[in-house]
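Some notes on the structure that comes next.
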Amino acid sequence: MQLAIVLHLRVTAWPEVTTPGYLWSRGMVMYRDIKLQHTPATTGSLALAFLAFGPRTWVVRAYAILWPLLAHVFLLRQTRPFPLWNRALASAFFLAVFFSTDGNAVWPTVVMAAFAIPIAGALSRGRMARAGLLLGVAILFKQTAAYALILAAAWLLIRRRRRDAATLFGFACAPYFVTLAVLSLFGAGTAMLRWTVLVPFTIHTDLVVFRPSIGTAAALLFGFVPLAVDAALEKPGERAVSSGWLLLVAVGLVLICYPRFQVLQTVASVPCLAVGAARLMDRRPRALGRAAAAFVAVLALSRGAILALGADWDGRVLFWDDDPALNSVIERLRMMPKTTPLYSELWGNVHPRAEMIPPGGIYQHPWFPFFLGVDQTGERMRRANATPGTVIVGYRDSRPAVETIGPYAILRR
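Residues in the sequence shown are numbered from 808 upward in steps of one, following my numbering.
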């Protein structure tokens, strides 16, 4: 069922991570050459995929499909003791909530969904080193996964488990510092610290907003109800993977939506919520289980209806191959030598699709002007773009263009 959905549902290839991933695969180095305020695991794993198979559309789709599929596998392992109808309804809940929350995307929180249940499992079993490493890897995909680490460490301290808290925190830091050491060998260590630690806290952007509508906030909170109730009813040692830890991890991962609220930022919590739904439906008295099943069914059906009626089912990739005019621009660019320096003013993934790199070997997306002052990136890009032979792709305006295709223009220095 999941494969049937994702093979027809439109994928979103967010250029913030896909274009840097491609450029990294072409020899440019994150943070030294590619300026990005996110931690590097998403771009790095994409770089490996592009290096192995090329920047193909199927690679982008496969990347988006893989992580939710792994998350669903971990969910099915947790629901194995329950009746078939229970497992089916929990899976329907997972699929409806995950994909109606924009989860069919190339984005860090989608990847983190595959780590949610294993993190809760390691915490439940007292394997703090393993839990810390998993949380550390999640933080490498996006810094704000640290919310889950902070909550877990705080809970351990409240329970006077100081050694466990220290172990958890120490091992969670390890993946970041190992990556920092590796990038230092390429002259990007200081830049990584600046862009992943200092820039997110010091550069003000208009994108930082937290204003979910009442309906969106309610839909998000309703999904937590079964897991929260089951955690409240759970007895110590009742299950190998505690509902209490599942709830804490889910809360930590949903907090990723702060300070920039988007429903996509909440999807990493969904596997934990689906486990909670399955468990509450199996609770006694049976009246409670039946009420929980009705609640979960309503949530699954309502979110499934939103998905069915509101999503695009054309199997294309947003910001990649969904715009016919941009596809024509890409075909034109592919006729040029691969060594042609290319500067793109567009949002779409022009560089990976045209298989070109930017002039001067430096990249920062021009739609984020608030970052252009860091490392003199804007000035360095301006000088590089003035290099004779540079091709510039943008929107049609008053500038003389060599070619125009639909709303787009191709210029040459």
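Even glycine gets a Cβ: it sits at the ideal position worked out from N, Cα and C. Predicted model, so just to flag it, every value in this text is computed and none were measured.
The beta strand (DSSP E) that contains residue i, what's its start and end?
{"i": "Ala1047", "result": "Note, Ala1047: premise wrong, no beta strand (DSSP E); not H, not E."}
{"i": "Ser1151", "result": "1149-1151"}
{"i": "Tyr1005", "result": "In the sequence under discussion, the amino acid at residue 1005 is Leu, which differs from the Tyr named in the question. Neither: Leu1005 is in no beta strand (DSSP E) and is coded neither H nor E."}
{"i": "Ala1216", "result": "1215-1219"}
{"i": "Thr1211", "result": "1210-1212"}
{"i": "Tyr1202", "result": "1198-1202"}
Tell me the rounded alpha-carbon separation between residue i and residue j.
{"i": "Ala1115", "j": "Met935", "result": "41 Å"}
{"i": "Thr886", "j": "Gly1155", "result": "40 Å"}
{"i": "Leu1028", "j": "Val1209", "result": "53 Å"}
{"i": "Leu1080", "j": "Ala1038", "result": "11 Å"}
{"i": "Ala988", "j": "Ala981", "result": "11 Å"}
{"i": "Pro1207", "j": "Ala1216", "result": "9 Å"}
{"i": "Val1006", "j": "Gly1044", "result": "43 Å"}
{"i": "Arg966", "j": "Val813", "result": "42 Å"}
{"i": "Ala1185", "j": "Ala960", "result": "Here residue 1185 is Gly; the residue named in the question, Ala, does not match the sequence. Going by the C-alpha atoms only, they are around 40 Å apart."}
{"i": "Ile1137", "j": "Arg970", "result": "56 Å"}
{"i": "Arg832", "j": "Ala1026", "result": "Per the sequence shown, residue 832 should be read as Ser rather than Arg. Cα-Cα distance, rounded: 39 Å."}
{"i": "Tyr1065", "j": "Pro1195", "result": "43 Å"}
{"i": "Arg1228", "j": "Lys1145", "result": "Outside the displayed span of the chain (808 to 1220) sits residue 1228, for which this structure offers no information."}
{"i": "Asp1204", "j": "Arg1001", "result": "36 Å"}
{"i": "Val1056", "j": "Leu942", "result": "10 Å"}
{"i": "Phe860", "j": "Leu830", "result": "14 Å"}
{"i": "Arg897", "j": "Arg1018", "result": "Checking the displayed sequence, the identity of residue 897 turns out to be Ala instead of Arg. Roughly 29 Å separates the two Cα atoms."}
{"i": "Ala1191", "j": "Glu823", "result": "21 Å"}
{"i": "Ile1063", "j": "Pro915", "result": "11 Å"}
{"i": "Val1124", "j": "Thr864", "result": "8 Å"}
{"i": "Pro925", "j": "Lys1042", "result": "21 Å"}
{"i": "Met1143", "j": "Arg1219", "result": "12 Å"}
{"i": "Ala848", "j": "Ala998", "result": "16 Å"}
{"i": "Ala811", "j": "Thr1073", "result": "23 Å"}
{"i": "Ser1050", "j": "Leu1040", "result": "9 Å"}
{"i": "His1172", "j": "Leu1140", "result": "19 Å"}
{"i": "Asp909", "j": "Tyr983", "result": "28 Å"}
{"i": "Leu855", "j": "Arg968", "result": "39 Å"}
{"i": "Thr1012", "j": "Trp892", "result": "47 Å"}
Looking at residue j and residue i, is the spacing between their C-beta atoms short of 8 Å?
{"i": "Ala945", "j": "Val917", "result": "no"}
{"i": "Lys949", "j": "Thr850", "result": "no"}
{"i": "Pro1165", "j": "His1158", "result": "yes"}
{"i": "Val904", "j": "Val1077", "result": "yes"}
{"i": "Ala923", "j": "Ala1024", "result": "no"}
{"i": "Gly828", "j": "Phe857", "result": "yes"}
{"i": "Ala920", "j": "Leu956", "result": "no"}
{"i": "Phe1126", "j": "Ala820", "result": "yes"}
{"i": "Phe993", "j": "Arg839", "result": "yes"}
{"i": "Leu1071", "j": "Ala927", "result": "no"}
{"i": "Ala1118", "j": "Arg817", "result": "yes"}
{"i": "Leu975", "j": "Leu990", "result": "no"}
{"i": "Leu1087", "j": "Pro1033", "result": "yes"}
{"i": "Ser931", "j": "Val1048", "result": "yes"}
{"i": "Lys842", "j": "Phe1178", "result": "yes"}
{"i": "Phe901", "j": "Leu882", "result": "yes"}
{"i": "Ala938", "j": "Ala952", "result": "no"}
{"i": "Val1200", "j": "Leu1153", "result": "yes"}
{"i": "Leu940", "j": "Thr986", "result": "no"}
{"i": "His815", "j": "Gly1122", "result": "yes"}
{"i": "Leu1108", "j": "Gly1030", "result": "no"}
{"i": "Gln844", "j": "Thr1003", "result": "yes"}
{"i": "Glu1162", "j": "Pro862", "result": "yes"}
{"i": "Ile1113", "j": "Ser907", "result": "yes"}
{"i": "Ala995", "j": "Met837", "result": "yes"}
Are there any heavy atoms of the ligand FAD lying less than 7 Å away from the beta-carbon of residue i, as far as the coordinates show?
{"i": "Phe1031", "result": "No copy of the ligand FAD appears in this structure; indeed no ligand is present at all."}
Looking at the secondary structure, which residues open and close the alpha helix (DSSP H) in which residue i lies?
{"i": "Leu1116", "result": "1093-1117"}
{"i": "Glu1138", "result": "1131-1141"}
{"i": "Thr916", "result": "915-931"}
{"i": "Tyr954", "result": "953-965"}
{"i": "Pro1207", "result": "Element bounds for Pro1207: n/a, residue is neither H nor E."}
{"i": "Trp1154", "result": "Trp1154 -> no alpha helix (DSSP H), and no H or E assigned at all."}
{"i": "Thr1023", "result": "1021-1029"}
{"i": "Arg1018", "result": "From DSSP, Arg1018 is part of no alpha helix (DSSP H); its letter is neither H nor E."}
{"i": "Arg969", "result": "969-991"}
{"i": "Leu947", "result": "935-948"}
{"i": "Ala1075", "result": "Careful: Ala1075 lies outside any alpha helix (DSSP H) and carries neither H nor E."}
{"i": "Ala1039", "result": "1032-1040"}
{"i": "Leu891", "result": "891-907"}
{"i": "Ala800", "result": "Here the chain has residues from 808 to 1220 only, and residue 800 is not among them."}
Roughly how far, in whole angstroms, is the beta-carbon of residue i from the beta-carbon of residue j, given that I think they are within contact range, below 8 Å?
{"i": "Val867", "j": "Thr825", "result": "7 Å"}
{"i": "Ala1132", "j": "Gly1213", "result": "3 Å"}
{"i": "Arg1090", "j": "Ala1099", "result": "7 Å"}
{"i": "Ala1035", "j": "Leu1060", "result": "Rounded, the Cβ-Cβ distance is 15 Å, inconsistent with contact."}
Length-filtered (3 minimum) beta strand (DSSP E) runs lying within the region 817-889: 818-820
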